[in-house]
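**Student:** Handing you a structure now.
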Amino acid sequence: MALQRLSKAARVILVGAPGVGKGTQSERLMQKFSEIKQLSSGDLLRKNVKEKTRAGLEAESIMKSGKLVSDSLILRLITDELTTRGWIQSGTGKSKYTFSDQPSASFILDGFPRTAVQAVQLDDIVPINLVVNLNTPTDIIIDRICNRWIHEPSGRVYNTTFNAPKADGKDDVTGEALVRRADDDPEVWKARLKSFKETSTPLLEHYDKLGILWTVNGNSSDEITPQIFEEFGKRFGVP
Ligand code: AMP
């Protein structure tokens, strides 16, 4: 795959139902555009649960039930992480935070914001310049969930039908064992899809009004990736 450089910072949000392949698209975007880094709110929460931080202890049972954690909890975690990674800096005076337009300050947020309330809160912190809406039919998504495996330390996601690891049950990069996520349970998934439907419509409307919403349709990650690469090239690439 030919690497492509960015001409300016891409501050991107991926929106899509759980199981649609947001992690896969992030991974591929980071390979194509090496200046882009990814932050997944689900991974950030799971890390906190694992490390038994205060936020993790608060989030654990809510995540298990398939509901969303509180806006204040996730906003605090995300803001801290954006600062730690150097993508925003605490500002002085009027603006609470400052940010750079250099390509090196590019990021993809996966899983955050999930609600219109979170989106408004994020607008106050840093302006997003593209929202990618990954659109795949629900029955196809359900099919994928049963076949998903992850490499926990890196967050790499595989699927035995369309993105299989080179060796069965092993991570391509490290060769370590792949596992199923603790929250990959059918009942939890039903609740997650329902809650996604309820919350994503106002979220997408919010970004549509700001003129930064772009929808991509496809039945598989392989159908979607080339369309995303082309759009990123047009919007952020060095000509
Ligand atoms: P994910 O891996 O993105 O599907 O997230 C796993 C779980 O973490 C979700 O089911 C929620 O309980 C929680 N979560 C992740 N992101 C958010 C968010 N932006 N707001 C609230 N809860 C979240």
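Residue numbers (UniProt numbering): 1 to 239. Note that beta-carbon positions come from the ideal geometry of N, C-alpha and C, so glycine has one too.
1. Grouping DSSP H, G and I as helix and E and B as strand, with all else coil, what is residue 141?
2. Whole beta strand (DSSP E) runs in the stretch 73 to 160 with 3 or more residues, listed along the chain?
3. Just to confirm my understanding: we take residue 116, look at its own chain, exclude 5 residues before and 5 after, and list those with CB closer than 7 Å. What are they?
4. Given 7 Å as the limit, tell me if residue 72 has its C-beta closer than that to any heavy atom belonging to the ligand PLP.
5. Does the stretch 208 to 228 touch the stretch 90 to 101, meaning 3 or more C-beta pairs lie closer than 8 Å?
6. Residue 53 to residue 34, Cα distance in whole Å?
7. Identify the continuous alpha helix (DSSP H) that holds residue 48 and give its terminal residues.
8. Can you tell me whether residue 113 sits near the ligand AMP, meaning its C-beta is under 7 Å from at least one heavy atom of the ligand?
9. What residue range is occupied by the uninterrupted alpha helix (DSSP H) comprising residue 13?
10. Are the beta-carbon atoms belonging to residue 132 and residue 12 less than 8 Å from one another?
11. Roughly how many angstroms lie between the CA atoms of residue 150 and residue 86, to the nearest whole one?
12. Compute every distance between the C-beta of residue 69 and the non-hydrogen atoms of the ligand AMP, then say whether any falls below 7 Å.
13. Check whether the stretch 65 to 85 touches the stretch 102 to 118, taking contact to mean three or more Cβ pairs, one atom from each stretch, closer than 8 Å.
14. Whether or not the stretch 77 to 84 and the stretch 147 to 165 are in contact is what I'm after, with contact meaning three or more pairs of Cβ atoms, one per stretch, closer than 8 Å; do they touch?
15. Under the DSSP definition of a beta bridge, which residues are partnered with residue 6?
16. Going by the CB atoms, is the gap between residue 189 and residue 125 shorter than 8 Å?
17. Helix, strand or coil, according to DSSP, for residue 24 in the structure here?
18. Which same chain residues, not among the five before or five after residue 238, have their C-beta less than 8 Å away from its C-beta?
**Tutor:** Reading from the atomic positions:
1. Correct three-state label for residue 141: helix.
2. Under the rule that a run must span 3 or more residues, the beta strand (DSSP E) segments found entirely inside the stretch 73 to 160 read 107 to 110, 130 to 135, 148 to 151, 156 to 159.
3. Hits under 7 Å: 202, 203, 206.
4. Among the ligands in the structure shown, the ligand PLP does not appear; only the ligand AMP can be found there.
5. Contact between the stretch 90 to 101 and the stretch 208 to 228 is absent, because fewer than three Cβ pairs lie under 8 Å.
6. The straight-line gap from Cα to Cα measures roughly 31 Å.
7. 41 to 50 is the span of the alpha helix (DSSP H), which, as asked, contains residue 48.
8. Correct: residue 113 has its Cβ closer than 7 Å to the ligand AMP.
9. Annotation for residue 13: no alpha helix (DSSP H) segment contains it, though the beta strand (DSSP E) segment containing it runs 11 to 15.
10. For residue 132 and residue 12, yes; Cβs fall inside 8 Å.
11. About 27 Å.
12. The answer is yes for residue 69.
13. Short answer: they touch.
14. The stretch 147 to 165 is not in contact with the stretch 77 to 84.
15. According to DSSP, which records beta bridges pairwise, residue 6 is partnered with 237.
16. Contact flag unset, no.
17. In this structure, residue 24 counts as helix in the three-state DSSP scheme.
18. Closer than 8 Å at the Cβ level, and outside the excluded window around residue 238, lie 4, 5, 6, 7.
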